[in-house]
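Okay, so the sequence shown: first residue is 138 according to the working numbering, each after it adds one.
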Amino acid sequence: MYLIELHNGDKAIVRRINGGTNLTRRLLQMGIIPGVEIKVIRNNKYGPMILEIFGNKVMIGRGMASAIEVG
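Shown next as structure tokens:
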């Protein structure tokens, strides 16, 4: 399952990032690393997603979210 498939309020653990070096580096800088729990604050099926990671809110594009494998 991928992050993009989750709904508002869902929580999941990052399992893997399926992307190139630049995408992986950018997500790592935001704290999105394998083993971290993510809560979906907003996923309206259009526009960017808002996530909560370590108590902080971050916004990522739908392309990035579709590369993050969660479980």
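No residue lacks a Cβ here, since even glycine has one placed at the ideal position from N, Cα and C.
Checking the sheet assignment: what are the DSSP bridge partners for residue i?
i	result
R152	Note: R152 sits in no beta bridge, so no partner.
M196	I187
R179	I187
In whole angstroms, give me the CA-to-CA distance for residue i and residue j.
i	j	result
L164	V195	10 angstroms
R153	R162	13 angstroms
Q166	N159	11 angstroms
I187	I169	13 angstroms
V151	P185	18 angstroms
N193	G157	25 angstroms
Using 8 angstroms as the threshold, is the C-beta distance between residue i and residue j below it?
i	j	result
I175	A149	yes
I141	R179	no
Leaving out five residues on either side along the sequence, give the residues of the same chain with a beta carbon under 8 angstroms from the beta carbon of residue i.
i	result
V173	I150, V151, I190 and F191
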